[in-house]
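Each remark here refers to the structure printed beneath this line.
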Amino acid sequence: MRIIRSPKQMFEVSQKLKKRGCRTGLVPTMGALHKGHLSLIRRAAQENDKVVVSIFVNPIQFGPKEDFRRYPRNLKKDALLCRNENADFIFYPSAALMYPPGFRTQVSVRELSDVLCGAYRPGHFQGVTTVVAKLFNIVMPDTAYFGQKDAQQALIIQRMAKDLDMPVKIRVMPIIREKDGLAMSSRNAYLDSAQREKAAVLYQALNKARESVKSGIADCALLTKRARATIIKNKPRKIDYISIVDMETLEPVKKIKDKALLALAVWFGNTRLIDNVILKR
Ligand code: AMP
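According to this note's numbering, the sequence shown is numbered sequentially starting from 5.
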């Protein structure tokens, strides 16, 4: 496994792989890898000849008061994990090489980027789509792997790839959870033990909603009210949103007809956690 730090070098390697007819899978990450990331890498290794894992804590997707500086970074450990999953390359660029002086371009997916997390993290998704577009151009993957954990992000990237005719297939993989149901996240490391215990309530609330829908409840106001009540019992610091939205447009849904996405963002201490579940009748 090779670690490549220069975008130019990564591009040259990708070109060679293409010429040789290799199928390439890309797994974009910010590092501090956990089993959620590893499930994407594993799938990429099954479906491709070569796997590139990008590790880049992308400054332009963080707001000025967000956790860019304290975001966990551990290349040594990540490299071991990637090697164990049979990744072939880690693309580990610096911000200076990704955004050299004079950089001016932004990729933006309208509307989908302005709701849910986008409403609370202005500019976040533009940062994500811009870096992912760059990664697609540098690595030229046949398939790129994303997690349903970040459902809005996955949808926005699918939209971007379609709208801009990017020749890449987007694969969205299921959420990997801890034993108590908490969705795995690099940010879970910020939680102290009391917060960590409380955070399990998010999955409980999502699960309850899923069961309620199965048992015939379709009223979204009622479903979100109950989810909120469940979560509040564990005294989160703040609830950004608990919303039931259309799976494609992310517009609010009043009544569940077939399927909808229940998504939430909740703070425990200084840690903002997101999670979601697909509600099916
Ligand atoms: P991140 O490093 O947090 O930017 O995540 C990189 C990729 O891993 C994204 O596509 C995430 O959606 C995905 N991912 C993160 N956590 C999980 C999880 N618990 N289960 C599945 N995929 C995940």
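A virtual CB, placed ideally from N, CA and C, is assigned to each residue, including glycine.
Remember, predicted model here, so these are calculated numbers, not experimental data.
Within the continuous alpha helix (DSSP H) that includes residue i, where are the two ends?
| i | result |
| --- | --- |
| alanine 158 | 155-167 |
| proline 11 | 11-23 |
| lysine 54 | No alpha helix (DSSP H) holds lysine 54; the beta strand (DSSP E) holding it covers 54-59. |
| glycine 40 | 39-51 |
| aspartate 82 | 79-88 |
| leucine 101 | 99-102 |
| valine 135 | 128-143 |
| glycine 151 | It is not in any alpha helix (DSSP H) - glycine 151 instead sits in the beta strand (DSSP E) that spans 147-151. |
| alanine 123 | 121-124 |
Taking 9 angstroms as the CB-CB limit, is residue i close to chain D?
| i | result |
| --- | --- |
| glutamine 199 | The displayed structure is made up of one protein chain only, and chain D is not part of it. |
How big is the Cα-Cα spacing for residue i and residue j?
| i | j | result |
| --- | --- | --- |
| glutamine 152 | threonine 234 | 23 angstroms |
| asparagine 90 | alanine 225 | 46 angstroms |
| threonine 33 | lysine 258 | 34 angstroms |
| glutamine 208 | arginine 74 | 29 angstroms |
| valine 281 | alanine 222 | 15 angstroms |
| serine 189 | serine 197 | 15 angstroms |
| tyrosine 245 | arginine 232 | 9 angstroms |
| isoleucine 179 | histidine 41 | 10 angstroms |
| arginine 230 | arginine 181 | 22 angstroms |
| glutamine 110 | valine 136 | 11 angstroms |
| lysine 23 | alanine 187 | 39 angstroms |
| arginine 125 | proline 68 | 10 angstroms |
| tyrosine 194 | leucine 85 | 21 angstroms |
| valine 31 | aspartate 262 | 31 angstroms |
| glutamine 162 | alanine 48 | 17 angstroms |
| arginine 27 | glutamate 51 | 8 angstroms |
| phenylalanine 140 | alanine 99 | 17 angstroms |
| arginine 214 | lysine 173 | 29 angstroms |
| proline 1 | proline 171 | No information on residue 1 is available, as it lies outside the stretch 5 to 285 that the chain covers here. |
| arginine 285 | leucine 210 | 14 angstroms |
| glycine 185 | arginine 46 | 21 angstroms |
| aspartate 250 | alanine 264 | 5 angstroms |
| glycine 127 | phenylalanine 66 | 8 angstroms |
Under 9 angstroms, do residue i and residue j count as touching if we go by C-beta distance?
| i | j | result |
| --- | --- | --- |
| lysine 3 | phenylalanine 272 | Shown here, the chain extends from 5 to 285; a query on residue 3 therefore has no answer. |
| valine 119 | glutamine 157 | no |
| leucine 44 | phenylalanine 129 | no |
| lysine 82 | lysine 54 | The residue asked about is misnamed: residue 82 is aspartate in this sequence, not lysine. It is not a contact, given that the beta carbons lie outside the stated cut-off. |
| arginine 175 | threonine 147 | yes |
| isoleucine 286 | isoleucine 248 | With the chain covering 5 to 285 only, the question about residue 286 has no answer from this structure. |
| tyrosine 103 | isoleucine 59 | no |
| isoleucine 94 | arginine 6 | yes |
| cysteine 121 | isoleucine 8 | no |
| valine 56 | phenylalanine 72 | no |
| leucine 266 | leucine 254 | no |
| valine 143 | serine 219 | no |
| valine 217 | leucine 227 | yes |
| arginine 191 | arginine 276 | yes |
| threonine 134 | serine 112 | yes |
| leucine 159 | glutamate 252 | yes |
| proline 97 | methionine 177 | no |
| glycine 286 | proline 145 | Beyond the ends of the chain as shown, which are 5 and 285, falls residue 286; an answer cannot be given. |
Please list the terminal residues of the continuous beta strand (DSSP E) segment that includes residue i.
| i | result |
| --- | --- |
| threonine 33 | 28-33 |
| leucine 288 | The structure shown does not extend to residue 288, since the chain spans only 5 to 285, so no value can be given for it. |
| valine 111 | Looking at the DSSP string, valine 111 is not in any beta strand (DSSP E), and its letter there is neither H nor E. |
| tyrosine 245 | 242-249 |
| valine 270 | 263-272 |
| arginine 73 | Where arginine 73 is concerned, there is no enclosing beta strand (DSSP E), given that its DSSP letter is neither H nor E. |
| isoleucine 7 | 6-8 |
| isoleucine 94 | 93-95 |
Using a threshold of 8 angstroms, is the CB atom of residue i nearer than that to any non-hydrogen atom of the ligand SAM?
| i | result |
| --- | --- |
| histidine 38 | Ligands present in the displayed structure are limited to the ligand AMP, and the ligand SAM is not among them. |
Is the region 35-45 close to the region 159-173, with three or more CB pairs under 8 angstroms? no
Is it true that the region 237-251 meets the region 261-275, where meeting means three or more beta-carbon pairs spaced less than 8 angstroms apart? yes
May I have a chain-ordered list of the beta strand (DSSP E) segments no shorter than 3 residues that lie completely inside the region 170-229? 173-177
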